[in-house]
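To start, the structure under review is shown below, and the notes come after it.
Residue numbers (UniProt numbering), protein chains in the order written: chain A, 1 to 250; chain B, 1 to 250.
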């Protein structure tokens with residue numbers, strides 16, 4: 001039976017799993033669970049993942065959730081996956097686990113909370129929260145600095161000095177891609193000072209093309225829609241967007 | 001060269017790593033990094049872990065941080081560790097990864113934030129935050145319900161129906177132990193309704209004795225000290241403790 005991947009391409013961990021499957025030639029069926037339509041709360045999806053989160057997979061009778069656990073499982077269970085994604089070497093593997101563990105309460109918490117409270121909340125029927133966005137921006141900027149100065153230290157194009165990407169690169173880059181939804185000025189302010197991070201995003205995109213852009217298409221489309229809503233931006237855009245949620249046009 | 005474990009026993013992930021080493025007869029040297037004395041910010045410790053967090057390990061020339069990554073590395077690198085801690089079977093291993101990944105933004109975020117903002121902040125030179133504590137309590141209670149109803153479903157004493165503990169049991173139980181620092185009424189209110197969770201904590205403690213209690217001694221000592229500060233508690237204790245931080249006696 002074919003692997004089933006339950007995903008919403010608007011969710012960054014979903015995209016990481018989809019890109020991984022495509023790049024590695026894994027034969028799978030993508031089943032869309034639209035978060036904005038609250039499909040993750042349906043009884044059908046609850047039977048797949050009682051935690052009601054995407055992504056989730058079903059491989060035969062085996063069900064699994066949490067994107068990092070899924071990426072590790074796929075890299076281990078599908079023999080065609082190249083070693084660099086999840087190396088057999090114990091210490092290299094351990095350092096990848098370490099980056100993935102760190103990710104949760106740092107880059108992910110920062111980026112996801114900023115984007116949610118600056119752009120996405122109204123599209124999900126939630127309130128924007130300016131204070132939460134400001135606090136999360138501090139976490140996000142501190143996380144980007146750590147990636148720039150600790151994990152991208154050295155000459156490798158990828159995290160931990162790697163010459164080829166691992167599942168940690170894919171997971172973290174898909175998270176930073178969510179920042180595409182911010183207004184360009186805000187995005188430049190946050191990402192601009194982190195030159196190695198920008199290069200690393202580009203390297204990961206190149207190493208996984210054309211699948212990376214194909215899976216991110218829905219994000220680029222929403223980015224365009226959001227920018228068309230506010231054609232002539234004054235200064236302090238993030239603040240103005242928080243005060244005037246663009247709910248009406250979605 | 002002996003394994004070095006940099007830890008503060010007041011930190012729940014530090015305790016998980018220490019209990020694991022002791023239970024599995026791993027020969028190691030414990031190096032205390034006192035968070036309350038800001039020793040994690042020293043240049044010496046920065047050379048061990050540039051992220052400035054405990055626990056961290058040094059095994060020969062290999063340095064590693066993040067407790068989950070450390071537990072997985074130790075279970076894989078030290079041949080004496082029994083399989084149940086981190087099973088070789090791919091799907092059992094994947095489900096343990098899934099619980100550990102979930103832990104970060106759920107039980108850990110909830111429990112650590114509640115305890116920090118109800119009891120610990122003043123001891124670390126920080127402000128208590130009543131709103132943060134209330135929000136975190138919702139995350140904590142929801143997390144405990146998920147553990148009770150999803151992962152402790154069935155007849156096994158441990159997570160995922162296990163008959164013996166895994167690194168996920170140890171990590172999550174060490175986190176719940178931090179709730180010992182709350183006032184008894186608050187602790188009973190939060191943990192009381194979760195009978196299976198209580199039994200699971202006891203099972204994990206029994207499966208790792210006498211090391212579990214030995215490593216948690218510092219927590220029991222602080223619990224006693226905190227309870228002596230407020231001998232006759234009125235109702236609404238958590239609230240009153242937030243308003244009157246017990247800084248003076250520490």
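Note that CB positions come from ideal geometry on N, CA and C, so glycine has one too.
Proximal residues of chain A, C-beta to C-beta of residue i below 8 Å
i: residue 95/B; result: 64, 69
Listed by chain order, chain A residues near residue i by CB distance under 9 Å
i: residue 146/B; result: 50, 51
Proximal chain B residues relative to residue i, where beta-carbon distance stays under 8 Å
i: residue 109/A; result: 105
i: residue 169/A; result: None at all; the shortest Cβ gap to chain B is about 16 Å.
Spatial neighbours of residue i in its chain, beta-carbon cut-off 8 Å, leaving aside the 5 residues before and after
i: residue 153/A; result: 161
i: residue 11/B; result: 35, 54, 55
i: residue 138/A; result: 110
i: residue 145/B; result: 194
i: residue 171/B; result: 13, 16, 67, 68, 71, 100, 103
i: residue 187/B; result: 179, 180
Environment of residue i [buried if 16+ CB atoms lie within 10 Å]
i: residue 175/A; result: buried
i: residue 38/A; result: exposed
i: residue 29/B; result: exposed
i: residue 220/B; result: exposed
i: residue 184/B; result: exposed
i: residue 112/A; result: buried
i: residue 61/A; result: exposed
i: residue 66/B; result: buried
i: residue 218/A; result: exposed
i: residue 128/A; result: buried
i: residue 43/A; result: exposed
i: residue 213/A; result: exposed
i: residue 149/A; result: exposed
i: residue 83/A; result: exposed
i: residue 226/B; result: buried
i: residue 142/A; result: exposed
i: residue 191/A; result: buried
i: residue 116/A; result: buried
Contacts around residue i, its chain only, beta-carbon distance under 7 Å, and the 5 residues preceding and following it disregarded
i: residue 209/A; result: none
i: residue 216/A; result: 15, 177
i: residue 235/B; result: Annotation note: pLDDT 42 at residue 235/B (below 50); position unreliable, coordinate value reported separately. Nothing meets the Cβ criterion.
i: residue 259/A; result: The question about residue 259/A has no answer here: the residues shown for chain A are numbered 1 through 250.
i: residue 196/A; result: 148, 152
Interface partners of residue i on chain B, CB under 7 Å
i: residue 90/A; result: 73, 76, 77
i: residue 98/A; result: 64, 65, 66, 69
Contact list for residue i against chain B, beta-carbon separation under 9 Å
i: residue 150/A; result: 50, 51
Proximity below 8 Å, CB of residue i to CB of residue j
i: residue 101/A; j: residue 47/B; result: no
i: residue 33/B; j: residue 17/B; result: no
i: residue 24/A; j: residue 80/A; result: yes
i: residue 167/B; j: residue 88/B; result: no
i: residue 181/B; j: residue 99/B; result: no
i: residue 107/B; j: residue 147/B; result: yes
i: residue 3/B; j: residue 26/B; result: yes
i: residue 64/B; j: residue 95/A; result: yes
i: residue 222/A; j: residue 73/B; result: no
i: residue 105/B; j: residue 199/A; result: no
Same chain, Cβ closer than 6 Å to residue i, neighbours up to 5 away in sequence not counted
i: residue 165/B; result: 158, 204, 207
i: residue 173/B; result: 201, 204
i: residue 140/B; result: 110, 111, 114
i: residue 49/A; result: 56, 65
i: residue 58/B; result: 4
i: residue 51/B; result: 65
i: residue 136/A; result: 110, 113, 114
Residue i: CB within 7 Å of a non-hydrogen atom of the ligand SAH
i: residue 53/B; result: In the structure on display, the ligand SAH does not appear, and there are no ligands present to speak of.
Contact with chain D by residue i, beta-carbon distance below 8 Å
i: residue 102/B; result: The question asks about chain D, but that chain is absent: this structure's protein chains are A and B.
Within the segment 41-103 of chain B, ranges of the alpha helix (DSSP H) (whole runs, at least 4 residues): 43-48, 67-77, 90-103
message: Please give the ranges of any alpha helix (DSSP H) in the UniProt domain "GST C-terminal" (89-226) of chain B, keeping only runs that are unbroken, at least 4 residues long and fully inside the region.
response: 90-103, 109-115, 130-146, 167-177, 184-191, 195-207
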